[in-house]
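**Student:**
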Amino acid sequence: MIKLIFHKILGWKIKGFTKLPNKCVLIAAPHTHWQDFFLGLAIRSSINQNIKFIGKKELFFYPLNILMNFLGGIPVNRNSNTNTVDQISTIFNDRNEFKLAISPEGTRRKVKRWKTGFYYIAKKSNVPVICISLNFLKKSVTFSKPYYLTSNKEKDFNKLKKNFRDSIGKIPKYS
517 MIKLIFHKIL GWKIKGFTKL PNKCVLIAAP HTHWQDFFLG LAIRSSINQN
567 IKFIGKKELF FYPLNILMNF LGGIPVNRNS NTNTVDQIST IFNDRNEFKL
617 AISPEGTRRK VKRWKTGFYY IAKKSNVPVI CISLNFLKKS VTFSKPYYLT
667 SNKEKDFNKL KKNFRDSIGK IPKYS
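Heads up, the sequence shown is in my numbering, so the first residue is 517 and it goes up one at a time.
(1) Run the CB neighbour count on E621, radius 10 Å, all protein chains shown included, and call it buried at 16 or more, exposed below.
(2) Answer yes or no: do I695 and I543 have a C-beta to C-beta separation smaller than 9 Å?
(3) Is it buried or exposed, S667, if we count other Cβ atoms within 10 angstroms and call 16 or more buried?
(4) Between the region 522-542 and the region 577-593, are three or more C-beta pairs nearer than 8 Å?
(5) For C647, which of L676, W528, S683 and F577 has the nearest alpha-carbon?
(6) For the alpha helix (DSSP H) that I567 lies in, which residues bound it at each end?
(7) Just to confirm, is the Cβ distance from F680 to P579 under 9 Å?
(8) Can you name the start and end residues of the beta strand (DSSP E) that K677 belongs to?
(9) G633 lies in the alpha helix (DSSP H); which residues open and close that run?
(10) Please report the distance separating the alpha-carbon of I501 from that of S656.
(11) For K539, name the three-state secondary structure that DSSP assigns.
(12) Contact defined as beta carbons within less than 8 Å: I believe V645 pairs with F634. What is the distance between those atoms, to the nearest angstrom?
(13) Could you have a look at I604 and say whether DSSP puts it in helix, strand or coil?
This is the structure we're talking about:
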């Protein structure tokens with residue numbers, strides 16, 4: 517039903533590599549509006565993949581936490597000394613299948629540079645990164661091929677960012 521609404525009624529198209537490996541970090545951008553969350557759920561349903569997401573722990577209060585957990589949410593404490601990279605890497609290592617979507621901006625506002633958490637999670641877990649480029653003007657979602665990180669962070673970021681050249685968020689000025 518969601519697939520029908522997403523594609524036929526709303527007119528969105530999904531392109532690229534959607535046969536995801538069992539373990540990967542997906543970075544979706546640009547994240548400019550709270551509705552991006554629902555777009556992500558529709559994309560996940562359309563490609564029939566069990567993709568988890570992380571969110572600030574403040575979103576996981578009762579009774580909303582029941583829904584967030586059901587939808588695949590993993591709460592993180594962004595203000596804590598706890599190491600989120602280690603926590604998520606442990607999940608990757610403990611499971612045969614784990615796909616995690618993250619917004620590299622870490623916020624809905626325009627940022628000068630991405631947060632690096634997704635990079636260190638993928639690196640420590642030895643899983644590929646797949647870019648999901650959103651274009652609200654064209655109503656298109658493009659998946660990149662899996663990219664395995666090298667030992668050169670600057671090179672990796674440059675390579676990954678190329679996948680988002682045509683991205684336009686719901687609020688274009690934040691893209």
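Virtual Cβ for every residue (Gly too), placed ideally from N, Cα, C.
**Tutor:** Taking the geometry as given:
(1) Numbered from 1 along the sequence shown, position 105 holds the residue referred to as residue 621. By the beta-carbon neighbour count (other beta carbons within 10 angstroms, threshold 16), E621 is buried.
(2) Nothing about residue 695 can be reported from this structure: the residues present for the chain run from 517 to 691 only.
(3) Residue 667 sits at position 151 when you count from the first residue of the sequence shown. S667 comes out exposed.
(4) No, because fewer than three Cβ pairs between the region 522-542 and the region 577-593 fall closer than 8 Å, the two stretches do not touch.
(5) What you label residue 647 is simply residue 131 of the sequence shown in a count that begins at 1. Proximity to C647 across L676, W528, S683 and F577 peaks at L676, based on C-alpha coordinates.
(6) In the sequence shown, counting from the first residue as 1, residue 567 sits at position 51. For I567, no alpha helix (DSSP H) segment is defined; the enclosing uninterrupted segment is the beta strand (DSSP E) at I567 to K572.
(7) Within the sequence shown, the letter at position 164 stands for residue 680. Within the sequence shown, the letter at position 63 stands for residue 579. No, they are not a contact pair.
(8) In the sequence shown, residue 677 corresponds to position 161, counting from 1. Here K677 belongs to no beta strand (DSSP E); instead the alpha helix (DSSP H) covers K669 to K677.
(9) Numbered from 1 along the sequence shown, position 117 holds the residue referred to as residue 633. Boundaries of the alpha helix (DSSP H) around G633: G633 to S641.
(10) Outside the shown range of the chain (517 to 691) lies residue 501, about which nothing can therefore be said.
(11) In the sequence shown, residue 539 corresponds to position 23, counting from 1. Residue state, collapsed to three classes: strand.
(12) Position 129 of the sequence shown, counted from the start, is the residue given in the question as residue 645. Position 118 of the sequence shown, counted from the start, is the residue given in the question as residue 634. Contact flag correct, Cβ pair sits at about 7 Å.
(13) By 1-based counting over the sequence shown, the position of residue 604 is 88. Helix.
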